[in-house]
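Participant:
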Amino acid sequence: MPKHDLFLLVDYDVIKSKACFSTNIQQEKVADVIVNFLRTQIGAGRDTSEANILDLYEVDLLLDLSTDTFSVSSNCGNLGLRDGILHHLFTKLRIAQKDN
Numbered sequence: 010m011p012k013h014d015l016f017l018l019v020d021y022d023v024i025k026s027k028a029c030f031s032t033n034i035q036q037e038k039v040a041d042v043i044v045n046f047l048r049t050q051i052g053a054g055r056d057t058s059e060a061n062i063l064d065l066y067e068v069d070l071l072l073d074l075s076t077d078t079f080s081v082s083s084n085c086g087n088l089g090l091r092d093g094i095l096h097h098l099f100t101k102l103r104i105a106q107k108d109n
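Add 9 to a position in the sequence shown, counting from 1, and you land on the number used in this note's numbering.
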């Protein structure tokens, strides 16, 4: 596992259309970390890899604060699917923040 200070481990259940996560990031900052990662992916190009067909996807996002570097791993097989799962979680978190 790469050196990291912060982690976000996401499980996305396709059947239930539900994302669960564990993290050491302050709850109110999780959405900010996700959107900052997604911004680093803009202009990265299209991923034509075929997505894995699974019922449960896992995305692990790590952040090294000393270099402001993200590391990410997933079982998605496709970067668009991986980023879509993160965006789904980001959207749910933002909606929850606005409701509070």
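Backbone N, C-alpha and C define an ideal beta-carbon position, used for all residues, glycine too.
Computed from a predicted structure; not experimentally measured.
Tell me the rounded alpha-carbon separation between K101 and Y66.
Facilitator: Taking the first residue of the sequence shown as 1, we reach residue 101 at position 92. Taking the first residue of the sequence shown as 1, we reach residue 66 at position 57. If you take the alpha carbons of K101 and Y66, they lie about 17 Å apart.
Participant: Determine the burial state of D92: buried for a count of at least 16 other Cβ atoms within 10 Å of its Cβ, exposed for fewer.
Facilitator: If you number the sequence shown from 1, residue 92 lands on position 83. Classification of D92: buried, given that the 10 Å Cβ count is 16 or more.
Participant: Tell me the residue span of the beta strand (DSSP E) that contains L17.
Facilitator: Residue mapping note: residue 17 aligns to position 8 of the sequence shown, counting from 1. Looking at the DSSP string, the run of the beta strand (DSSP E) that includes L17 is 15-22.
Participant: Give the range of the alpha helix (DSSP H) segment to which T49 is assigned.
Facilitator: Indexing the sequence shown from 1 puts residue 49 at position 40. First-last of the alpha helix (DSSP H) with T49: 39-49.
Participant: Run through the region 56-95 for me and flag every whole beta strand (DSSP E) of 3 or more residues, listed as ranges in chain order.
Facilitator: Here the runs fully enclosed are 65-73, 78-83.
Participant: Do you know offhand how far Q36's Cα is from R48's?
Facilitator: As a first step, residue 36 is located in the sequence shown; it is residue number 27 there, counting from the start. As a first step, residue 48 is located in the sequence shown; it is residue number 39 there, counting from the start. Rounded to whole angstroms, Q36 to R48 spans 20 Å at the Cα level.
Participant: Can you tell me the Cα-Cα spacing of F30 and D20, whole angstroms?
Facilitator: By one-based count along the sequence shown, residue 30 stands at place 21. By one-based count along the sequence shown, residue 20 stands at place 11. Taking the straight line from one Cα to the other gives about 6 Å.
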